[in-house]
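Colleague: For the sequence shown, numbering that gives the first Met the number 0 begins at 0 and goes up steadily by one.
My questions will all concern the structure given below.
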Amino acid sequence: MPALNVEFSDRELADLRQIAKERGTSMKALVREAAAAGIARHRALQEGAEAFRRFFATHADEFAAAFPEDEPAAKGEGRVA
0 MPALNVEFSD RELADLRQIA KERGTSMKAL VREAAAAGIA RHRALQEGAE AFRRFFATHA
60 DEFAAAFPED EPAAKGEGRV A
């Protein structure tokens, strides 16, 4: 399995040791769990953003009608402030 060396400050390393001790786990398991949680969060945010883009694209005309002031000006038209 590929490995990754990660550098921590003395304070971060001490905190990781303390947290691992409190949880009764290894530092390696603790860091792997944190990384996996970060990856899962990132994927969920990407999926949520994609779902929003699809929803917005499907309902673009409704949004335009509801919020005409937020629509970009057509070419040749200037927006009045």
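Where a beta carbon is used, it is the ideal one built from N, C-alpha and C, also for glycine.
#1: According to DSSP, simplified to helix, strand and coil, what is H41?
#2: Could you have a look at L3 and say whether DSSP puts it in helix, strand or coil?
#3: Where do the ends of the alpha helix (DSSP H) carrying A65 lie?
#4: Quick check: what's the CA-CA separation for A72 versus R40?
Modeller: So, from the data block:
#1: helix
#2: Note: L3 maps to coil in three-state DSSP.
#3: 59–65
#4: 37 Å
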